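**Q** Note that numbering that gives the first Met the number 0 has the sequence shown beginning at 0, numbered continuously upward. Glycine included, each C-beta is placed from N, C-alpha and C at the ideal position. Here the structure is a predicted model, which means the values were calculated and not measured.
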Amino acid sequence: MKIKPDTIIEYGLIFLIIFTPLAFGSVHIWAYTIVEVIVLFLLLTWLFSNLTHDPSGAKGQASGVTPHTSRLTLPFFLFSGLIIFQMVPLPATVIKHLSPNTYELYQQTLENGKGARSQAPKVTPDAPRITDLLPAPFSPPPDFSSLDVMPRSSFSELSSALLAPRPLSIYGHATKTEFLKFFVYIAVFFLITTTMTNARQIRKMVLTIIFTGTGVAFLALCQMLSKSDTIYGFWQSQYKIGSYGGPFINANHLAGYLEMVTLLALGFLVSREKPGNLPMTKDWKQRFSMLESWLAKNILLIFIIVFMASALFISVSRGGIISFVFSLGLFSLLLGWQKVNKGKRKIILLISGLIFICVLWMGVGSVITKFATLSNPTTALGGRLQVWKDTGHLSRDFRLFGVGLGNFQTIYPKYKTIPTTAFWEHAHNDYVEMLADIGWVGFILFFCGIFILLFSVMKKWKDRRDPFVVGITLGGCTGALAILCHSVVEFNLHIPANAFLLFVILGLCVVAVTLKKSEEEFSLLPVRSAFLSHKIKIKTALSIGKALVVVFLLAVVMKDYLAYRFFINYQSLSRAVNPANLIDTANPGPLKRAIFFDSGNAQYHYELGNYYARKMSEDWKQGTWELIQGRWVFMSRENTQFYGLKALKAYEDAVHFSPANAWYHFCLEWIINELQRLSKYSENPMPSNKLLDAKIEFSRALMLDPNNTSIQNYLKSAGNSKP
0 MKIKPDTIIE YGLIFLIIFT PLAFGSVHIW AYTIVEVIVL FLLLTWLFSN
50 LTHDPSGAKG QASGVTPHTS RLTLPFFLFS GLIIFQMVPL PATVIKHLSP
100 NTYELYQQTL ENGKGARSQA PKVTPDAPRI TDLLPAPFSP PPDFSSLDVM
150 PRSSFSELSS ALLAPRPLSI YGHATKTEFL KFFVYIAVFF LITTTMTNAR
200 QIRKMVLTII FTGTGVAFLA LCQMLSKSDT IYGFWQSQYK IGSYGGPFIN
250 ANHLAGYLEM VTLLALGFLV SREKPGNLPM TKDWKQRFSM LESWLAKNIL
300 LIFIIVFMAS ALFISVSRGG IISFVFSLGL FSLLLGWQKV NKGKRKIILL
350 ISGLIFICVL WMGVGSVITK FATLSNPTTA LGGRLQVWKD TGHLSRDFRL
400 FGVGLGNFQT IYPKYKTIPT TAFWEHAHND YVEMLADIGW VGFILFFCGI
450 FILLFSVMKK WKDRRDPFVV GITLGGCTGA LAILCHSVVE FNLHIPANAF
500 LLFVILGLCV VAVTLKKSEE EFSLLPVRSA FLSHKIKIKT ALSIGKALVV
550 VFLLAVVMKD YLAYRFFINY QSLSRAVNPA NLIDTANPGP LKRAIFFDSG
600 NAQYHYELGN YYARKMSEDW KQGTWELIQG RWVFMSRENT QFYGLKALKA
650 YEDAVHFSPA NAWYHFCLEW IINELQRLSK YSENPMPSNK LLDAKIEFSR
700 ALMLDPNNTS IQNYLKSAGN SKP
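(1) Taking the continuous alpha helix (DSSP H) assigned at F641, which residues delimit it?
(2) From G723 to F454, what distance separates their C-alpha atoms?
(3) Would you call the CB atoms of G266 and G506 closer than 8 angstroms?
(4) In the DSSP output, which residue or residues are listed as bridge partners for R574?
(5) When we look at the beta-carbon of T92 and count the other beta-carbons within 10 Å, is it buried (16 or more) or exposed?
(6) Cα separation between Q408 and R613?
(7) Can you tell me which of Y411, C508, N497 puts its alpha carbon nearest to the alpha carbon of G319?
(8) Where V26 and N375 are concerned, what is the direct C-alpha to C-alpha distance, given to the nearest angstrom?
(9) Is the distance from the Cβ of T372 to the Cβ of F323 below 8 angstroms?
(10) What is the DSSP secondary structure of K3, counted as helix, strand or coil?
(11) Would the beta-carbon of L190 fall within 8 angstroms of that of W45?
(12) Based on DSSP bridge pairs, tell me the residues matched to G244.
(13) Are the Cβ atoms of P88 and P164 separated by less than 8 angstroms?
(14) Can at least three beta-carbon pairs, one atom from the stretch 6-16 and one from the stretch 178-196, be found at a separation below 8 angstroms?
(15) Using the three-state DSSP reduction, which class does K203 fall into: helix, strand or coil?
(16) To the nearest angstrom, how far is the alpha carbon of S736 from that of L257?
(17) Output the distance between the C-alpha atoms of I354 and K345, rounded to the nearest integer angstrom.
(18) Between Q640 and D618, what straight-line distance do the alpha-carbon atoms span, to the nearest angstrom?
(19) Quick check on R317: does DSSP put it in helix, strand or coil?
(20) For C476, report the span of its alpha helix (DSSP H) as first-last.
(21) Count the other CB atoms within 10 Å of the CB of R699; is the residue buried (16 or more) or exposed (fewer)?
(22) Near I71, what residues of its chain come up, given a Cβ to Cβ distance below 7 angstroms and the 5 sequence neighbours on each side ignored?
(23) So, at 7 angstroms on beta carbons, what are the nonlocal neighbours of F78 in its own chain, with the 5 sequence-adjacent residues on each side left out?
(24) Can you check the stretch 78-117 for any alpha helix (DSSP H) of at least 4 residues that lies completely inside it and give the ranges in chain order?
(25) Start and end of the alpha helix (DSSP H) containing I350?
(26) Should V550 go down as buried or exposed, given a rule of 16 or more other Cβ atoms within 10 Å for buried?
(27) Determine the contact status of T101 and L206, defining contact as a CB-CB distance below 8 angstroms.
(28) When the Cα atoms are used, what is the spatial distance from S159 to K558?
(29) So the candidates are I16, W29, P99, G622; which of them puts its Cα closest to the Cα of I567?
(30) Classify P757 as buried or exposed, calling it buried when 16 or more other Cβ atoms lie within 10 Å of its own Cβ.
(31) In terms of DSSP beta bridges, what is W234 paired with?
(32) Between Q711 and the rest of its own chain, which residues show a CB-CB distance below 6 angstroms, the 5 nearest in sequence each way excluded?
(33) 8 angstroms is my cut-off, CB to CB: does L220 come that close to chain B?
(34) According to the neighbour-count rule (16 or more other Cβ atoms, all chains shown, within 10 Å of its Cβ), is I83 buried or exposed?
(35) Report yes if the CB atom of V503 is closer than 8 angstroms to the CB atom of V38, and no otherwise.
(36) Which residue from K459, K388, P466, L104 puts its Cα closest to that of L434?
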């Protein structure tokens, strides 16, 4: 039996709806790689089915591509194009005109116009200090007392030497990683709007979302009530220990997921037959009988809605609870907008009452305690206000195109004024962070695209009267609005499971609102296929071109994941050889293979530099002092300088790919200083092409992360060690 392409796509999406939240929110690289591979495969399936499709017959409607959906997806495709543009190397003069501060940042962090192009790992105070890995210096550290740290205001005074072609993104690898995620979300939206053609398909997707949400809520409640510090009873995250939210690492992200699912489930309940025309029936027995009949048919769905909402409240996510209550009120208000559905607002009242009773029964004390902190907004937000203010300064410096999608954590330490050693990977405000990452151009394309889509859907919704269309569309739109509101104080759109579900729901809303009821089932309103006006040959060529692009993206995803596996293998070997975190002698072969497959990942080069620095330290310790012609000379082992130069090259590559990372500059400064000391006290002079200035790299590190305690402590120890 031949399986239709649309069936493959449908069941592939159903699998991902179940997989994304249960795989710990899909925040780990293995999880979102699976999502990316499956979605790209489904996109290829659609493209090949479109190639073999008859564009001239009635079958043209099955493709689902309409002028209406094309207009709605246009902002998202333009957004994808902008992110690609951020990664394209541009001449220095072009960068200078498009983003002057990006040009100046390159001038400030790169020497002699050397290039940079990738992602930066976290610069945390807890990161191992390279200086701790080497023996005590034989001479005082260099004098940093006269060091001139380059302030932000000195940008205009820097050398105007032309840089090599550079991308607008300050770390291309981070942008590439995030681009692939957002491309997949947009592809899912596109697949739903082009393959979902009837109510049966929509109902199947909605029920999958609801039952998956029920499972997530069940896990969360079991975990919260048992006070377990593991997920699934055995697993602990590398990002956080304890206080999980079901399969999600952060309870706030659990709330973001449940607020979407709960409102969609409420819309599905409203879409079902109403409990009789109760107000027109005077006989209370008849009214009670009809209500009893309606409850019997919907009791399971009502229980599920109350259950998920209760889990949301027990998560004590203030942003999630407020967003849900606001969206629930909006749901009721909009439902009453249509006279034919005014009576259904009693369902909302019933559900709200049951949720209130259930939360009281489970214990409302923790919720009240959490909300009591709002009396002091500064304390309640936990530093978020200052982070948003700092990010605002960042956005003003890169206002048009941003610093590159996914680069907030790379550049934020330069702007951080909050007095804490905590590392801020996200701004805890998706709007502020996206503005910093993609500038006003990308911000308008992405968020205005979403809100215009919601407005367009609701504009069509107000003229619809079919219960199925009204319920699904209203539930989906209010659920999407809930997470968009929640994103003001969280980074839900950077959690793959939540962002994936948002675009699934947006796609379902677009399809649902354009359904009409025929004699047998719902079908898409008849519209002329956008492809019918094109010649077959042109359409075929375009489809082949698109398929090649998808294959290329699929290869990139697989290549990067293979590199990651080699990197993990290297780390495992290092721990096996060196469980006590001493000098490791693991073979760097897996790490070099990781660099071969993903050369733009700065972290891999940084780890290779660490490997050679440790080898240099190991050889250095075995060196001896000898008196030669009345002068003490340090007789280093044969490979000491060799390993040092290898470490220098690796750290230079890390800076090359991620020039805004302070820690890489600090490590580069350190290895330059050690090589210069080795050259000074031994008979191995530094190669002439390696005569670099350690002070410059140290000043860059301080400029990029002035509040980094490890760098500050190194500066203090250098000052205290002066004779």
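**A** Working from what's here:
(1) 639-656
(2) Limits of the chain in this structure are 0 at one end and 722 at the other, which puts residue 723 out of reach.
(3) no
(4) DSSP lists no partner for R574.
(5) exposed
(6) 27 angstroms
(7) N497
(8) 32 angstroms
(9) no
(10) coil
(11) yes
(12) F247
(13) yes
(14) yes
(15) helix
(16) The chain is shown only over 0 to 722; residue 736 falls outside these bounds and no answer can be derived.
(17) 14 angstroms
(18) 9 angstroms
(19) helix
(20) 466-485
(21) buried
(22) Looking at the sequence provided, one finds Leu at residue 71 rather than Ile. Excluding residues within five positions, the ones whose Cβ falls inside 7 angstroms are L452, S455, V509.
(23) G441, L444, F445, G448
(24) 91-97, 99-108
(25) 344-361
(26) exposed
(27) no
(28) In this prediction, S159 scores a pLDDT of 40, lower than 50, which makes its location untrustworthy; the coordinate-derived value is nonetheless stated afterwards. Rounded to the nearest angstrom, the two C-alpha atoms are 37 angstroms apart.
(29) W29
(30) A query on residue 757 cannot be resolved here, the shown segment of the chain reaching from 0 to 722 and no further.
(31) I230
(32) none
(33) Going by chain labels, chain B is absent from the structure shown, which holds only one protein chain.
(34) exposed
(35) no
(36) K388
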